Amino acid sequence: MAFVGVGLLCTAADGNLRGWRAGCLRRPALAAAGGARRRQGAGMGPVPSVRLCVASAVMAATHEVPPRVGEVRRITGETEVEVRINIDGTGRCDVDTGIPFLDHMLHQISSHGLFDLYVRAKGDYHIDDHHTNEDVGISLGMALAKALGGKKGVRRFGHFAAPLDEALVDIVLDFSGRPFLAYGLEIPTERVGTYETQLVREFYAAVAGNAQMTLHVRQLAGLNSHHIIEASFKAFARAMRMAVEIDPRRMDSIPSSKGVLTDAQALSRSD
9 MAFVGVGLLC TAADGNLRGW RAGCLRRPAL AAAGGARRRQ GAGMGPVPSV RLCVASAVMA
69 ATHEVPPRVG EVRRITGETE VEVRINIDGT GRCDVDTGIP FLDHMLHQIS SHGLFDLYVR
129 AKGDYHIDDH HTNEDVGISL GMALAKALGG KKGVRRFGHF AAPLDEALVD IVLDFSGRPF
189 LAYGLEIPTE RVGTYETQLV REFYAAVAGN AQMTLHVRQL AGLNSHHIIE ASFKAFARAM
249 RMAVEIDPRR MDSIPSSKGV LTDAQALSRS D
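Counting along the sequence shown from 1, when you hit position 189 you're at 197 in the numbering used here, and nothing is skipped either side.
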């Protein structure tokens, strides 16, 4: 289970991810509470920031969120893909898709999104990497949708611009329940290593479509293909992290005037 408060998110061990343990950020709040007691003992009241930390600890103790974990195993005539994601994780990553550059980008999602991510994929590499790249994206999107469920309490929107040397990429996204991709990367080469750069768009389209996400990918600057792609994945990770975090002011509500953000029928078809 996860304990959530203002600026505080603690996640206990998640047995569904083979014993992986997500980090718990209780210590800063507890240390602040101890500091507050010392100040009061000296005849001083706690400073406002300490009051906020103490309030966070109290909220964390009273609000519980079930583990937000999604798991998908997808088998077709072209690929076999398994994905597990804990969106309240610490950035632990264990991926092997058979496509080294895609593995590198998945590490960016895990590390900068603080998602615990496990991916295994086998595909028809003798043809090319297209089917495996796309099916990993499909499976990741499906796992995200399952982890988010009805999206109660989430912030919903995410926005982050990430630089990598001369490259700068801006990502804006919304877990709206309405899949859409606006893709604006202009990658100057056809390949990075053995990876076809056209596959970047296919990956984002697969994730957005199956996570029921509106996703805008905009390139603001960039000359080097590797830098442009990696900056986009870093920004994507940070924007998702922002969007899936729990808003303590919306703990018991879905962030939509309609009251619904998930196409339940589409989600059931992904099983």
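Beta carbons: idealized from backbone N, C-alpha and C, even for Gly.
Since the structure is predicted, the reported quantities are computational estimates derived from the model, not experimental observations.
Would you mind sorting residue i into buried or exposed? The rule is 16 or more other CB atoms within 10 Å of its CB.
| i | result |
| --- | --- |
| His134 | exposed |
| Asp182 | buried |
| Thr140 | buried |
| Asp143 | buried |
| Gly149 | buried |
CB residue i to CB residue j, shorter than 7 Å?
| i | j | result |
| --- | --- | --- |
| Glu88 | Lys130 | yes |
| Ala153 | Gln220 | yes |
| Arg91 | Ser147 | One detail in the question is off: residue 91 reads as Val in this sequence, not Arg. Contact: yes. |
| Gly166 | Met113 | no |
| Arg164 | Ala251 | yes |
| Glu1 | Asp132 | Here the chain has residues from 9 to 279 only, and residue 1 is not among them. |
Can you give me the C-alpha to C-alpha distance between residue i and residue j, rounded to a whole angstrom?
| i | j | result |
| --- | --- | --- |
| Leu122 | Val162 | 16 Å |
| Glu210 | Asp137 | 11 Å |
| Gly192 | Arg226 | 5 Å |
| His115 | Val103 | 8 Å |
| Gln206 | Ile195 | 9 Å |
| Asp96 | Thr105 | 23 Å |
| Asp260 | Ile117 | 28 Å |
| His257 | Lys160 | Position check: residue 257 holds Arg in this sequence, whereas His was assumed. Those two C-alpha atoms are separated by around 11 Å. |
| Val180 | Arg82 | 28 Å |
| Tyr126 | Gly185 | 24 Å |
| Thr84 | Asp255 | 38 Å |
Spatial neighbours of residue i within its chain, please: CB distance less than 7 Å, with the 5 preceding and 5 following residues excluded, ordered by chain position.
| i | result |
| --- | --- |
| Ala170 | Val177, Ala239, Lys242, Ala243, Arg246 |
| Ala175 | Ala229, Gly230, Asn232, His235, Ile236, Ala239 |
| Val200 | Phe109, Ser233, His234, Ile237 |
| Ala155 | Arg76, Val77, Gly78, Ile93, Ile95 |
| Ile107 | Asp137, Thr140, Asn141, Tyr203 |
The alpha helix (DSSP H) that contains residue i, what's its start and end?
| i | result |
| --- | --- |
| Asp143 | 138-156 |
| Glu238 | 233-252 |
| Ile95 | First-last for Ile95: undefined, no H or E at that position. |
| His112 | 108-121 |
| Val215 | 206-219 |
Between which residues of its own chain and residue i is the CB-CB distance below 6 Å, once the five residues before and five after are set aside?
| i | result |
| --- | --- |
| Asp173 | His235 |
| Tyr203 | Phe109 |
| Ala190 | His224 |
| Ala216 | Pro187, Leu189, Leu223 |
| His120 | Lys242, Ala245, Arg246 |
| Phe168 | Ile179, Ala243, Arg246, Ala247 |
| Asp111 | Val103, Thr105 |
| Ser208 | It should be pointed out that residue 208 corresponds to Val in this sequence rather than to Ser. Within the same chain, Val208 has close Cβ partners Ile237. |
What first and last residue would you give for the beta strand (DSSP E) that runs through residue i?
| i | result |
| --- | --- |
| Val177 | 175-182 |
| Gly131 | 124-131 |
| Pro196 | Segment: none, Pro196 is in no beta strand (DSSP E) and carries neither H nor E. |
| His134 | It is not in any beta strand (DSSP E) - His134 carries neither H nor E in the DSSP assignment. |
| Pro171 | 165-172 |
Give every residue of the same chain whose Cβ lies closer than 8 Å to the Cβ of residue i, excluding the five residues on either side of it in the sequence, and list them in chain order.
| i | result |
| --- | --- |
| Gly145 | Glu210, Phe211, Tyr212, Ala213, Ala214, Val215, Asn218 |
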